[in-house]
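Read through the structure below, which is laid out as C-alpha coordinates, and then see the notes.
What follows is the structure, encoded as C-alpha coordinates:
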(Lines of atoms letter the chains of each structure in order from A; the text may use other names.)
(Lines give C-alpha, C1' and ligand atoms only; values in the text may rest on other atoms or scores of the structure.)
Protein backbone atom coordinates (compact mmCIF):
# COMPACT_ATOMS: atom_id res chain seq x y z
CA UNK A 1 0.00 0.00 0.00
CA UNK A 2 1.24 3.55 -0.66
CA UNK A 3 2.67 5.41 2.30
CA UNK A 4 0.10 7.98 3.57
CA UNK A 5 2.89 10.57 3.65
CA UNK A 6 3.59 9.88 -0.04
CA UNK A 7 -0.09 10.54 -0.75
CA UNK A 8 0.34 13.98 0.82
CA UNK A 9 2.98 14.75 -1.81
CA UNK A 10 0.56 13.68 -4.54
CA UNK A 11 -2.24 15.82 -3.10
CA UNK A 12 0.01 18.88 -2.99
CA UNK A 13 1.06 18.32 -6.61
CA UNK A 14 -2.57 18.11 -7.72
CA UNK A 15 -3.38 21.39 -5.99
CA UNK A 16 -0.49 23.03 -7.86
CA UNK A 17 -1.56 21.42 -11.13
CA UNK A 18 -5.10 22.75 -10.85
CA UNK A 19 -3.81 26.23 -10.05
CA UNK A 20 -1.15 26.43 -12.77
CA UNK A 21 -3.03 24.69 -15.59
CA UNK A 22 -6.51 26.09 -15.10
CA UNK A 23 -7.99 22.59 -15.41
CA UNK A 24 -11.22 22.36 -13.41
CA UNK A 25 -10.79 18.69 -12.46
CA UNK A 26 -7.57 17.01 -11.34
CA UNK A 27 -7.09 13.62 -9.73
CA UNK A 28 -4.51 10.91 -9.24
CA UNK A 29 -2.93 8.36 -7.01
CA UNK A 30 -0.02 6.04 -6.38
CA UNK A 31 0.39 2.46 -7.50
CA UNK A 32 -0.54 -0.28 -5.03
CA UNK A 33 1.69 -2.66 -6.99
CA UNK A 34 3.57 -2.41 -10.32
CA UNK A 35 0.38 -2.97 -12.30
CA UNK A 36 -2.46 -1.26 -10.47
CA UNK A 37 -3.27 2.31 -9.43
CA UNK A 38 -5.95 3.53 -7.07
CA UNK A 39 -7.27 7.07 -7.51
CA UNK A 40 -7.06 8.46 -3.99
CA UNK A 41 -7.04 12.25 -4.48
CA UNK A 42 -9.67 14.15 -6.45
CA UNK A 43 -10.11 17.92 -6.73
CA UNK A 44 -12.91 19.75 -8.54
CA UNK A 45 -15.18 16.72 -9.00
CA UNK A 46 -18.94 16.98 -8.77
CA UNK A 47 -19.50 13.29 -7.97
CA UNK A 48 -17.71 10.48 -6.13
CA UNK A 49 -17.42 8.36 -9.27
CA UNK A 50 -13.66 8.73 -9.62
CA UNK A 51 -12.59 8.40 -6.01
CA UNK A 52 -11.22 4.96 -5.19
CA UNK A 53 -11.34 3.80 -8.80
CA UNK A 54 -8.78 1.08 -9.50
CA UNK A 55 -6.83 1.46 -12.75
CA UNK A 56 -4.97 -1.49 -14.28
CA UNK A 57 -1.85 -1.03 -16.41
CA UNK A 58 -2.84 -0.90 -20.06
CA UNK A 59 -6.49 -0.09 -19.39
CA UNK A 60 -8.03 3.30 -20.09
CA UNK A 61 -5.99 6.47 -20.45
CA UNK A 62 -4.15 6.21 -17.12
CA UNK A 63 -3.43 2.53 -17.68
CA UNK A 64 -1.96 3.38 -21.07
CA UNK A 65 0.24 6.03 -19.42
CA UNK A 66 1.44 3.45 -16.90
CA UNK A 67 2.18 0.87 -19.59
CA UNK A 68 4.03 3.33 -21.86
CA UNK A 69 5.61 5.32 -19.00
CA UNK A 70 4.82 8.61 -20.76
CA UNK A 71 2.08 11.30 -20.83
CA UNK A 72 -1.07 10.47 -22.77
CA UNK A 73 -4.11 12.57 -23.67
CA UNK A 74 -7.43 12.34 -25.50
CA UNK A 75 -9.58 15.16 -26.82
CA UNK A 76 -12.84 13.27 -26.25
CA UNK A 77 -12.55 10.36 -23.84
CA UNK A 78 -15.76 8.55 -24.78
CA UNK A 79 -15.10 8.75 -28.52
CA UNK A 80 -11.38 7.99 -28.51
CA UNK A 81 -10.24 4.92 -30.45
CA UNK A 82 -6.76 5.01 -28.93
CA UNK A 83 -7.69 3.74 -25.46
CA UNK A 84 -9.75 0.92 -23.99
CA UNK A 85 -13.01 1.92 -22.33
CA UNK A 86 -13.29 -0.03 -19.07
CA UNK A 87 -13.82 3.18 -17.08
CA UNK A 88 -16.32 5.00 -19.29
CA UNK A 89 -19.06 4.82 -16.66
CA UNK A 90 -17.04 6.73 -14.06
CA UNK A 91 -15.70 9.23 -16.59
CA UNK A 92 -19.20 9.85 -18.00
CA UNK A 93 -20.69 10.24 -14.53
CA UNK A 94 -18.26 13.10 -13.91
CA UNK A 95 -18.90 14.54 -17.39
CA UNK A 96 -15.25 14.52 -18.42
CA UNK A 97 -14.31 14.83 -22.09
CA UNK A 98 -10.77 16.10 -22.64
CA UNK A 99 -8.37 14.24 -20.33
CA UNK A 100 -4.62 13.92 -19.88
CA UNK A 101 -2.60 11.51 -17.75
CA UNK A 102 1.03 12.01 -16.73
CA UNK A 103 3.01 9.24 -14.99
CA UNK A 104 5.19 9.76 -11.95
CA UNK A 105 8.37 7.85 -12.79
CA UNK A 106 11.11 7.17 -10.25
CA UNK A 107 14.19 5.25 -11.40
CA UNK A 108 12.37 4.01 -14.50
CA UNK A 109 9.44 2.68 -12.47
CA UNK A 110 5.97 4.25 -12.58
CA UNK A 111 4.92 5.10 -9.04
CA UNK A 112 1.76 7.09 -9.74
CA UNK A 113 -0.32 9.04 -12.26
CA UNK A 114 -1.64 12.62 -12.28
CA UNK A 115 -4.77 13.36 -14.32
CA UNK A 116 -6.27 16.63 -15.49
CA UNK A 117 -9.56 17.04 -17.30
CA UNK A 118 -12.10 19.38 -18.90
CA UNK A 119 -15.82 18.87 -19.32
CA UNK A 120 -15.68 19.81 -22.98
CA UNK A 121 -13.80 18.24 -25.92
CA UNK A 122 -10.89 20.57 -26.71
CA UNK A 123 -7.26 20.00 -27.60
CA UNK A 124 -5.06 20.55 -24.56
CA UNK A 125 -2.22 22.99 -25.26
CA UNK A 126 1.44 22.98 -24.33
CA UNK A 127 0.86 25.13 -21.25
CA UNK A 128 -1.39 22.49 -19.73
CA UNK A 129 1.00 19.67 -20.60
CA UNK A 130 3.94 21.59 -19.16
CA UNK A 131 2.07 22.24 -15.92
CA UNK A 132 1.13 18.56 -15.60
CA UNK A 133 4.66 17.35 -16.29
CA UNK A 134 6.05 19.87 -13.79
CA UNK A 135 3.64 18.66 -11.11
CA UNK A 136 4.61 15.05 -11.79
CA UNK A 137 8.29 15.97 -11.50
CA UNK A 138 7.61 17.51 -8.09
CA UNK A 139 6.17 14.21 -6.89
CA UNK A 140 9.06 12.28 -8.42
CA UNK A 141 11.65 14.36 -6.59
CA UNK A 142 9.77 14.07 -3.31
CA UNK A 143 9.64 10.27 -3.68
CA UNK A 144 13.35 10.10 -4.51
CA UNK A 145 14.17 12.03 -1.34
CA UNK A 146 11.78 9.85 0.68
CA UNK A 147 13.37 6.66 -0.69
CA UNK A 148 16.86 7.89 0.17
CA UNK A 149 15.72 8.84 3.65
CA UNK A 150 14.24 5.40 4.30
CA UNK A 151 17.46 3.68 3.21
CA UNK A 152 19.56 5.94 5.43
CA UNK A 153 17.20 5.55 8.40
CA UNK A 154 17.41 1.77 8.07
CA UNK A 155 21.22 1.99 8.00
CA UNK A 156 21.27 4.37 10.95
CA UNK A 157 19.22 1.96 13.08
CA UNK A 158 21.65 -0.90 12.55
CA UNK A 159 24.01 -1.44 15.49
CA UNK A 160 27.57 -0.22 15.12
CA UNK A 161 29.74 -3.34 15.19
CA UNK A 162 33.08 -1.67 15.84
CA UNK A 163 34.89 1.63 15.57
CA UNK A 164 35.67 0.89 11.91
CA UNK A 165 32.02 1.57 11.10
CA UNK A 166 32.05 4.98 12.77
CA UNK A 167 32.90 6.96 9.65
CA UNK A 168 29.92 5.37 7.90
CA UNK A 169 27.69 6.45 10.80
CA UNK A 170 29.01 9.99 10.45
CA UNK A 171 28.36 9.96 6.71
CA UNK A 172 24.79 8.73 7.27
CA UNK A 173 24.27 11.53 9.79
CA UNK A 174 25.50 14.14 7.30
CA UNK A 175 23.31 12.83 4.48
CA UNK A 176 20.23 12.60 6.69
CA UNK A 177 20.59 16.20 7.86
CA UNK A 178 20.97 17.36 4.25
CA UNK A 179 17.91 15.39 3.13
CA UNK A 180 15.85 16.70 6.05
CA UNK A 181 16.04 20.17 4.51
CA UNK A 182 14.27 18.84 1.39
CA UNK A 183 11.43 17.02 3.20
CA UNK A 184 8.12 18.89 3.35
CA UNK A 185 6.33 16.36 5.56
CA UNK A 186 6.90 17.62 9.16
CA UNK A 187 6.44 14.17 10.72
CA UNK A 188 9.07 12.58 8.51
CA UNK A 189 11.39 15.55 9.00
CA UNK A 190 11.10 15.29 12.78
CA UNK A 191 11.77 11.55 12.54
CA UNK A 192 14.93 12.20 10.53
CA UNK A 193 16.18 14.84 12.96
CA UNK A 194 15.36 12.57 15.88
CA UNK A 195 17.55 9.83 14.41
CA UNK A 196 20.28 12.42 13.79
CA UNK A 197 20.06 13.36 17.46
CA UNK A 198 20.50 9.75 18.52
CA UNK A 199 23.50 9.36 16.23
CA UNK A 200 25.02 12.56 17.60
CA UNK A 201 24.50 11.45 21.19
CA UNK A 202 26.30 8.17 20.63
CA UNK A 203 29.96 7.82 21.54
CA UNK A 204 32.85 6.10 19.80
CA UNK A 205 33.42 2.81 21.64
CA UNK A 206 37.12 3.41 22.16
CA UNK A 207 39.35 5.38 24.50
CA UNK A 208 38.87 6.31 28.17
CA UNK A 209 35.65 8.01 29.28
CA UNK A 210 35.76 11.77 29.53
CA UNK A 211 33.46 14.30 31.09
CA UNK A 212 31.23 15.82 28.42
CA UNK A 213 31.62 19.60 28.05
CA UNK A 214 28.70 21.96 28.25
CA UNK A 215 26.64 21.67 25.09
CA UNK A 216 26.31 24.96 23.16
CA UNK A 217 23.14 25.68 21.24
CA UNK A 218 23.62 25.77 17.47
CA UNK A 219 20.94 26.87 15.01
CA UNK A 220 19.68 24.00 12.80
CA UNK A 221 21.38 25.46 9.72
CA UNK A 222 24.65 25.93 11.61
CA UNK A 223 24.53 22.26 12.52
CA UNK A 224 23.65 21.29 8.94
CA UNK A 225 26.68 23.19 7.66
CA UNK A 226 28.95 21.77 10.34
CA UNK A 227 27.81 18.22 9.55
CA UNK A 228 28.79 18.73 5.91
CA UNK A 229 32.12 20.25 6.90
CA UNK A 230 32.76 17.26 9.16
CA UNK A 231 32.37 14.95 6.17
CA UNK A 232 35.11 16.86 4.35
CA UNK A 233 32.87 18.97 2.11
CA UNK A 234 34.11 22.35 0.92
CA UNK A 235 31.98 25.47 1.34
CA UNK A 236 30.94 25.18 -2.30
CA UNK A 237 29.95 21.52 -1.99
CA UNK A 238 28.10 22.27 1.25
CA UNK A 239 26.19 25.09 -0.43
CA UNK A 240 25.16 22.82 -3.29
CA UNK A 241 24.09 20.01 -0.97
CA UNK A 242 22.00 22.29 1.26
CA UNK A 243 20.66 24.60 -1.45
CA UNK A 244 22.42 27.66 -0.01
CA UNK A 245 24.76 30.32 -1.35
CA UNK A 246 28.48 29.87 -0.52
CA UNK A 247 28.45 33.21 1.34
CA UNK A 248 25.56 31.99 3.47
CA UNK A 249 27.45 28.79 4.28
CA UNK A 250 30.42 30.87 5.44
CA UNK A 251 28.13 32.90 7.69
CA UNK A 252 26.62 29.81 9.33
CA UNK A 253 30.08 28.29 9.77
CA UNK A 254 31.40 31.45 11.42
CA UNK A 255 28.44 31.43 13.78
CA UNK A 256 29.01 27.80 14.72
CA UNK A 257 32.74 28.38 15.29
CA UNK A 258 32.02 31.36 17.53
CA UNK A 259 29.54 29.42 19.68
CA UNK A 260 31.93 26.48 19.95
CA UNK A 261 34.91 28.67 20.80
CA UNK A 262 36.78 27.35 17.77
CA UNK A 263 39.26 29.16 15.53
CA UNK A 264 39.33 26.67 12.64
CA UNK A 265 36.90 24.36 10.87
CA UNK A 266 38.63 21.31 12.35
CA UNK A 267 38.45 22.72 15.88
CA UNK A 268 34.73 23.38 15.39
CA UNK A 269 34.09 19.78 14.28
CA UNK A 270 36.09 18.36 17.19
CA UNK A 271 34.28 20.62 19.69
CA UNK A 272 30.88 19.68 18.23
CA UNK A 273 31.69 15.97 18.58
CA UNK A 274 32.87 16.40 22.15
CA UNK A 275 29.64 18.22 22.94
CA UNK A 276 27.55 15.43 21.39
CA UNK A 277 26.27 17.61 18.55
CA UNK A 278 27.89 15.44 15.86
CA UNK A 279 28.65 11.72 15.86
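In UniProt numbering, the protein residues as written are 1 to 279. Using N, Cα and C, we set each Cβ at its ideal position, and we do this for glycine too.
Assigned exposure category for residue i - 16 Cβ within 10 Å defines buried
| i | result |
| --- | --- |
| residue 231 | buried |
| residue 32 | exposed |
| residue 222 | buried |
| residue 9 | buried |
| residue 21 | buried |
| residue 261 | exposed |
| residue 210 | Its pLDDT being 48, under 50, residue 210 is placed unreliably by the model, and the measurement read from it follows with that caveat. Result: exposed. |
| residue 185 | buried |
| residue 47 | exposed |
| residue 264 | exposed |
| residue 247 | exposed |
| residue 243 | exposed |
| residue 149 | buried |
| residue 204 | With a pLDDT of 46 at residue 204, under the threshold of 50, the modelled position of that residue is not reliable, and the figure given next carries that caveat. So residue 204 ends up on the exposed side. |
| residue 266 | exposed |
| residue 128 | buried |
| residue 136 | buried |
| residue 19 | exposed |
Residue i and residue j closer than 9 Å at C-beta
| i | j | result |
| --- | --- | --- |
| residue 113 | residue 99 | no |
| residue 82 | residue 91 | no |
| residue 146 | residue 183 | yes |
| residue 280 | residue 110 | Here the chain covers residues 1 to 279 and nothing more, so residue 280 does not appear. |
| residue 278 | residue 200 | yes |
| residue 178 | residue 241 | yes |
| residue 224 | residue 191 | no |
| residue 14 | residue 41 | yes |
| residue 66 | residue 38 | no |
| residue 52 | residue 115 | no |
| residue 12 | residue 26 | no |
| residue 107 | residue 144 | yes |
| residue 17 | residue 132 | yes |
| residue 235 | residue 250 | yes |
| residue 153 | residue 195 | yes |
| residue 272 | residue 193 | no |
| residue 245 | residue 237 | no |
Span of the alpha helix (DSSP H) around residue i
| i | result |
| --- | --- |
| residue 244 | Premise fails: residue 244 is in no alpha helix (DSSP H) and is neither H nor E. |
| residue 282 | Since the first residue of the chain shown is 1 and the last is 279, residue 282 is not available in this structure. |
| residue 348 | Given a span of 1 to 279 for the chain in the structure shown, any question on residue 348 remains unanswerable. |
| residue 229 | 220-230 |
Anticipated Cβ contact below 8 Å, residue i with residue j, distance rounded
| i | j | result |
| --- | --- | --- |
| residue 71 | residue 97 | With 8 Å as the limit, residue 71 and residue 97 do not qualify as a contact, their Cβ atoms being about 18 Å apart. |
| residue 59 | residue 84 | 5 Å |
Closest by C-alpha distance to residue i, when choosing among the options
| i | options | result |
| --- | --- | --- |
| residue 227 | 175, 217, 257 | 175 |
| residue 256 | 275, 241, 243 | 275 |
| residue 94 | 24, 13, 190, 253 | 24 |
| residue 171 | 233, 220, 259 | 233 |
| residue 269 | 245, 216, 244, 248 | 216 |
| residue 139 | 239, 30, 88 | 30 |
| residue 173 | 126, 229, 130 | 229 |
CB contact check: residue i to chain C, cutoff 9 Å
| i | result |
| --- | --- |
| residue 44 | In summary, chain C is missing from the structure at hand, where a single protein chain is found. |
Boundaries (first-last residue) of the beta strand (DSSP E) holding residue i
| i | result |
| --- | --- |
| residue 41 | 41-43 |
| residue 172 | Not the beta strand (DSSP E): residue 172 falls in the alpha helix (DSSP H), residues 166-180. |
| residue 36 | 36-38 |
| residue 28 | 25-33 |
| residue 54 | 54-56 |
| residue 100 | 98-106 |
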